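*Asks:* Top to bottom, those sequences are chains W and Z.
Residue numbers for the first sequence follow my numbering, beginning at 1 and rising by one.
Residue numbers for the second sequence follow my numbering, beginning at 1 and rising by one.
Number of protein chains: 2
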Amino acid sequence: MTAHELAMSLRLAYLALHRRTDAVMAQAGITADQFVVLAALSEGMTLTQSELGERIGSDRNTVRAMLVLLERRGFVERTPQPLDRRARRVALTKEGRSTFRTLWRKSDTLRQELVTSLAPEQTATLVQLLRSLTASLSPADTPATSSP
Amino acid sequence: MTAHELAMSLRLAYLALHRRTDAVMAQAGITADQFVVLAALSEGMTLTQSELGERIGSDRNTVRAMLVLLERRGFVERTPQPLDRRARRVALTKEGRSTFRTLWRKSDTLRQELVTSLAPEQTATLVQLLRSLTASLSPADTPATSSP
DNA sequence: TATTGTTATACTCTATAACTATA
DNA sequence: TATAGTTATAGAGTATAACAATA
Chain W
1 MTAHELAMSL RLAYLALHRR TDAVMAQAGI TADQFVVLAA LSEGMTLTQS
51 ELGERIGSDR NTVRAMLVLL ERRGFVERTP QPLDRRARRV ALTKEGRSTF
101 RTLWRKSDTL RQELVTSLAP EQTATLVQLL RSLTASLSPA DTPATSSP
Chain Z
1 MTAHELAMSL RLAYLALHRR TDAVMAQAGI TADQFVVLAA LSEGMTLTQS
51 ELGERIGSDR NTVRAMLVLL ERRGFVERTP QPLDRRARRV ALTKEGRSTF
101 RTLWRKSDTL RQELVTSLAP EQTATLVQLL RSLTASLSPA DTPATSSP
């Protein structure tokens, strides 16, 4: 099994999931990526835009573009962070929370489908392997690694 | 381990790989997705645009857009398929093959990095799990499945 | 009738670079 | 000096819909 086959299977799995997610989220006029933002914000605490970007794997410019769209729709709000006035805390609005709950419910079948062919330990294994993959690919690795 | 955590780890792994691939391919002025097209075409036989789309997980309009860009660069050529004159066979040009070989070589380190933290059986397991994931998400599953 | 590919069009995500303001 | 976010800009990938040619 080659690294290239791994790359391709990763691509095909991600794109399939992304399309199916898009199809569900389109009901509310948002995209799969925007749903990822809502989901990240729904997990309790508020985040700065940078922190949000780190969580969802998008850079600050991309994050801003998505937030502007979501703000326009009334799903998120950004308030100045008192402690560090360069930063802005991002949070779901009441409407954002409500919309997210609805979309979460409507995507329930999809999440079930996703793990339907996997035993519980297989899901755990898969997540673990994917995370170690992501760690291997962190940009800081690239330069000739020499640590004493 | 929840389905949502699986979805997120899949997203983060794919995006990390995509970015790293983009960085390598930028040397030749192409994108990670265009490299995927070249790789698919390099595997020997020529494909129709539809077949190509199926392999790389993109729809026919997207495929066309990418092929137009690659054709403009002189990396691929499309010739009428005699047997079915609606279709067009896509193939790498000489320059396309040469460029692909160079890029393949330059992305060697990246592929090594990708599997560096994985034992060989783990890579095989991962590919197998990802494929079964993709299969679970095939769009035909969605409607209330009732087959006699 | 169904399929392959094209045309026209639009939108989101993505990224770079230069900038402001805060730290 | 470095960081958080913005502005301006551009490009790629994506998708939908209507269409032509062919099967």
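Glycine included, every Cβ here is placed at the ideal spot set by N, Cα and C.
Being a predicted model, the structure only gives us computed values, none of them experimental.
Examine chain W for any beta-carbon lying closer than 7 Å to the beta-carbon of G57 (chain Z), and answer yes or no.
*Replies:* Here residue 57 (chain Z) is taken as the residue at index 57 of the second sequence, counted from 1. At least one chain W Cβ lies under 7 Å of G57 (chain Z).
*Asks:* Go ahead and label A7 (chain Z) buried or exposed: buried means 16 or more other beta carbons lie within 10 angstroms of its beta carbon, across all protein chains shown.
*Replies:* The residue given as residue 7 (chain Z) occupies position 7 in the second sequence. With 16 or more other Cβ atoms within 10 Å, it is buried.
*Asks:* Three Cβ pairs or more, each shorter than 8 Å: is that satisfied between the region 9–22 of chain Z and the region 68–87 of chain Z?
*Replies:* no
*Asks:* For a quick check, are the C-beta atoms of T24 (chain Z) and S107 (chain Z) less than 7 Å apart?
*Replies:* For the purposes of this step, residue 24 (chain Z) is identified with residue 24 of the second sequence, where counting begins at 1. For the purposes of this step, residue 107 (chain Z) is identified with residue 107 of the second sequence, where counting begins at 1. For the record, residue 24 (chain Z) in the displayed sequence is Val; it is not Thr. Their beta carbons are under 7 Å apart, which means V24 (chain Z) touches S107 (chain Z) by this criterion.
*Asks:* Could you tell me whether the Cβ atoms of T123 (chain Z) and V115 (chain Z) are closer together than 7 Å?
*Replies:* Residue mapping note: residue 123 (chain Z) aligns to position 123 of the second sequence, counting from 1. Residue mapping note: residue 115 (chain Z) aligns to position 115 of the second sequence, counting from 1. Cβ distance < 7 Å, so T123 (chain Z) and V115 (chain Z) count as in contact.
*Asks:* Give me the Cα-Cα distance between E51 (chain W) and D33 (chain W), rounded to the nearest whole angstrom.
*Replies:* Locating residue 51 (chain W) in the first sequence gives position 51, where the first residue counts as 1. Locating residue 33 (chain W) in the first sequence gives position 33, where the first residue counts as 1. Approximately 16 Å, taken between the alpha carbons.
*Asks:* Compute every distance between the C-beta of T93 (chain W) and the non-hydrogen atoms of the ligand MN, then say whether any falls below 6 Å.
*Replies:* With respect to the ligand MN, the structure shown offers nothing to examine, as it has no ligands at all.
*Asks:* Apart from the five residues just before and just after V90 (chain Z), which ones in its own chain have a Cβ nearer than 8 Å to its Cβ?
*Replies:* For this step, residue 90 (chain Z) is matched to residue 90 along the second sequence. Around V90 (chain Z): L41, T46, L47, T48, Q49, L52, L67, V76, E77, R78.
*Asks:* Taking C-beta pairs closer than 8 Å, name the residues in chain Z that M1 (chain W) reaches, listed in chain order.
*Replies:* Residue 1 (chain W) sits at position 1 when you count from the first residue of the first sequence. P120, T123, A124, V127, listed in chain order.
*Asks:* Taking G57 (chain Z) as the reference, give the member of W:T93, W:A119, W:L15, W:I30 with the closest Cα.
*Replies:* The residue given as residue 57 (chain Z) occupies position 57 in the second sequence. Closest option to G57 (chain Z), Cα to Cα, is W:L15.
*Asks:* Compare the beta carbon distance of L133 (chain Z) and A119 (chain W) with 7 Å and say whether it is the shorter of the two.
*Replies:* For this step, residue 133 (chain Z) is matched to residue 133 along the second sequence. For this step, residue 119 (chain W) is matched to residue 119 along the first sequence. Result no, Cβ atoms of L133 (chain Z) and A119 (chain W) do not sit closer than 7 Å.
*Asks:* With 16 other CB atoms within 10 Å as the buried threshold, where does G44 (chain W) fall?
*Replies:* Start at 1 with the first residue of the first sequence, and residue 44 (chain W) comes out as number 44. By the neighbour-count rule (16 or more Cβ atoms within 10 Å), G44 (chain W) is not buried but exposed.
*Asks:* In chain W, which residues lie with their C-beta within 8 Å of the C-beta of V90 (chain Z)?
*Replies:* By one-based count along the second sequence, residue 90 (chain Z) stands at place 90. Ordered by position in chain W, no residue passes the 8 Å Cβ test against V90 (chain Z), which lies about 18 Å from the chain.
*Asks:* Just curious, the alpha helix (DSSP H) that A119 (chain Z) is in, first and last residue?
*Replies:* Reading the second sequence from its first residue, position 119 is the one you call residue 119 (chain Z). Segment: none, A119 (chain Z) is in no alpha helix (DSSP H) and carries neither H nor E.
*Asks:* Using DSSP with H/G/I as helix, E/B as strand and the rest coil, what is L83 (chain Z)?
*Replies:* Within the second sequence, residue 83 (chain Z) is the residue found at index 83, counting from 1. It is coil, neither helix nor strand.
*Asks:* Thinking C-beta only, is E113 (chain Z) closer than 7 Å to V127 (chain W)?
*Replies:* Reading the first sequence from its first residue, position 127 is the one you call residue 127 (chain W). Reading the second sequence from its first residue, position 113 is the one you call residue 113 (chain Z). No, Cβ-Cβ distance for V127 (chain W) and E113 (chain Z) is not below 7 Å.
*Asks:* Compare the C-beta of E5 (chain W) with all C-beta atoms of chain Z and state if any pair is closer than 7 Å.
*Replies:* Indexing the first sequence from 1 puts residue 5 (chain W) at position 5. Closer than 7 Å: yes.
*Asks:* What are the start and end residues of the alpha helix (DSSP H) that includes A40 (chain Z)?
*Replies:* In the second sequence, the residue the question calls residue 40 (chain Z) occupies position 40. A40 (chain Z) -> alpha helix (DSSP H) spans 32–42.
*Asks:* Got a sec? Which residues, its chain only, sit under 7 Å from Q81 (chain W) by beta carbon, not counting five neighbours each side?
*Replies:* The residue labelled residue 81 (chain W) in the question sits at position 81 within the first sequence. Excluding residues up to 5 positions away in sequence, T48, A87, R88, R89 lie with their Cβ nearer than 7 Å to the Cβ of Q81 (chain W) in the same chain.
*Asks:* Can you check DSSP and say which residues form a bridge with T48 (chain Z)?
*Replies:* Reading the second sequence from its first residue, position 48 is the one you call residue 48 (chain Z). Answer is Z:R89.
*Asks:* Measure from the C-beta of L15 (chain Z) to each C-beta in chain W and report whether the shortest distance is under 7 Å.
*Replies:* On the second sequence, position 15 is the one that residue 15 (chain Z) refers to. Yes, L15 (chain Z) counts as interfacial toward chain W.
*Asks:* Here's the rule: buried if 16 or more other CB atoms are within 10 angstroms of the residue's CB, otherwise exposed. What is T62 (chain Z)?
*Replies:* As a position in the second sequence, residue 62 (chain Z) is number 62, starting the count at 1. When all chains shown are included, T62 (chain Z) counts as exposed.
*Asks:* If you measure between the beta carbons of L103 (chain W) and L137 (chain Z), is that distance less than 7 Å?
*Replies:* Sequence index remark: in the first sequence, residue 103 (chain W) carries index 103 (1-based). Sequence index remark: in the second sequence, residue 137 (chain Z) carries index 137 (1-based). No, Cβ-Cβ distance for L103 (chain W) and L137 (chain Z) is not below 7 Å.
*Asks:* What three-state label does DSSP hand R19 (chain W) in the structure shown?
*Replies:* By one-based count along the first sequence, residue 19 (chain W) stands at place 19. Helix at R19 (chain W).
*Asks:* Look at the alpha carbon of R60 (chain Z) and the alpha carbon of R19 (chain W), and state the distance between them as a whole number of angstroms.
*Replies:* Here residue 60 (chain Z) refers to the residue found at position 60 of the second sequence. Here residue 19 (chain W) refers to the residue found at position 19 of the first sequence. Distance between the alpha carbons of R60 (chain Z) and R19 (chain W): 15 Å.
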